[in-house]
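J.:
In the numbering used here, the protein residues as written are 803 to 1041.
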């Protein structure tokens, strides 16, 4: 009885897999949102990173090749960069005696080329494993609301923004769903990202030192993507 059950189960899986071979559209445009947390290096600047982005994916014979861009944004939660400039009351005063309000935010960009394997599990669902290689940068966006200050110039603020750039790799495990009429197409993804960054600023004013170290940034998170098929041979074909 167990053999009959196992044989029937395998036949059903084979049938679903065979039907799924030609189910996926070849060209996809994706709109993405993700949230991630990071290691100690990331936590020194922010506790949570949101990302919005866009991607293109070409897929054929259950293999995928893609391009991906994401913009990262978050609040800054690290040490006070301007503690040396504050008064005993914690205020920053400009040259003319007015108070200076400073806003510090975490910002970044990443771009990847991705390679993936698609494993169909039904006519509308599939798993996908991707590996991506690319470039990542992040920095602190610092805004002051006093244009009369002689100190907080654009060049001086570069000494605080910690602009860091370097190569990065990403691993993605994805569950894809394509609607019967290709109208509701989405995926849910778990990802890990490793970046090897170098501070591009020659001198950091906030620490009064040079930063020549390589910084290992690790993040892990969840991503949601909305997929829009286009340039496909059979736009009205049901999955």
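Virtual Cβ for every residue (Gly too), placed ideally from N, Cα, C. Note that the coordinates shown come from a computational prediction; the quantities given were computed from them, not determined experimentally.
Going by the DSSP bridge assignment, what does residue 1003 pair with across the sheet?
T.: Residue 1003 pairs with nothing; no bridge assigned.
J.: Counting only the same chain and skipping the five closest in sequence on each side, list residues whose C-beta sits under 7 Å from that of residue 878.
T.: Hits under 7 Å: 847, 848, 906, 907, 908 and 942.
J.: Would you identify the three-state DSSP class for residue 1024, choosing helix, strand or coil?
T.: In this structure, residue 1024 counts as strand in the three-state DSSP scheme.
J.: In three-state terms, what does DSSP make of residue 869?
T.: If DSSP states are grouped into helix, strand and coil, residue 869 belongs with the strands.
J.: Compute the Euclidean distance between the alpha carbons of residue 998 and residue 1019, then round it to the nearest angstrom.
T.: If I take the Cα positions, the gap works out to 6 Å.
J.: If you follow the alpha helix (DSSP H) that residue 958 is part of, which residue opens it and which one closes it?
T.: Looking at the DSSP string, the run of the alpha helix (DSSP H) that includes residue 958 is 956 to 959.
J.: Kindly provide the ranges of any alpha helix (DSSP H) runs that are 4 or more residues long and lie completely inside the segment 909 to 979, ordered along the chain.
T.: Listed in chain order, the complete alpha helix (DSSP H) runs (minimum 4 residues) inside the segment 909 to 979 are 956 to 959.
J.: If you measure between the beta carbons of residue 978 and residue 928, is that distance less than 8 Å?
T.: Taking 8 Å as the Cβ cut-off, residue 978 and residue 928 qualify as a contacting pair.
J.: Determine the contact status of residue 938 and residue 899, defining contact as a CB-CB distance below 8 Å.
T.: No.
J.: With H, G and I counted as helix, E and B as strand and the rest as coil, what does DSSP make of residue 885?
T.: Of the three classes helix, strand and coil, the one that applies to residue 885 here is helix, per DSSP.
J.: If you draw a straight line from the alpha carbon of residue 885 to that of residue 829, how long is it in whole angstroms?
T.: Residue 885 and residue 829: Cα-Cα distance of roughly 51 Å.
J.: Spell out the partners DSSP gives residue 987 in its beta bridges.
T.: Answer is 980.
J.: Can you grab the Cα-Cα spacing for the pair residue 1027 / residue 995, in whole Å?
T.: Approximately 17 Å between the Cα atoms of the pair.
J.: So, at 6 Å on beta carbons, what are the nonlocal neighbours of residue 947 in its own chain, with the 5 sequence-adjacent residues on each side left out?
T.: Closer than 6 Å at Cβ, skipping near neighbours: 903.
J.: How would you write the range of the alpha helix (DSSP H) that residue 844 sits in, first residue to last?
T.: Element bounds for residue 844: 842 to 845.
J.: How many Å lie between residue 1006 and residue 844 at the Cα?
T.: Near 18 Å, if we compare the C-alpha coordinates of residue 844 and residue 1006.
J.: Distance check for residue 1008 and residue 889, CA to CA, integer angstroms please.
T.: Computed Cα separation, rounded: 16 Å.
J.: Residues in its own chain within less than 7 Å of residue 944 by CB, not counting five upstream and five downstream?
T.: Correct list, in chain order: 904, 906, 959, 962 and 963.
J.: Report yes if the CB atom of residue 840 is closer than 8 Å to the CB atom of residue 1002, and no otherwise.
T.: No; because the gap between Cβ atoms is not below 8 Å, this pair is not in contact.
J.: Under the rule that 16 or more other beta-carbon atoms within 10 Å means buried, what is residue 989, buried or exposed?
T.: The residue is buried, with at least 16 neighbouring Cβ atoms inside 10 Å.
J.: Inspect the beta-carbon positions of residue 867 and residue 860 and report whether they are closer than 8 Å.
T.: Yes. Within cutoff.
J.: Using C-beta distances below 6 Å, list every residue in its chain close to residue 913, excluding the 5 sequence neighbours before and after it, in chain order.
T.: 871, 936 and 937.
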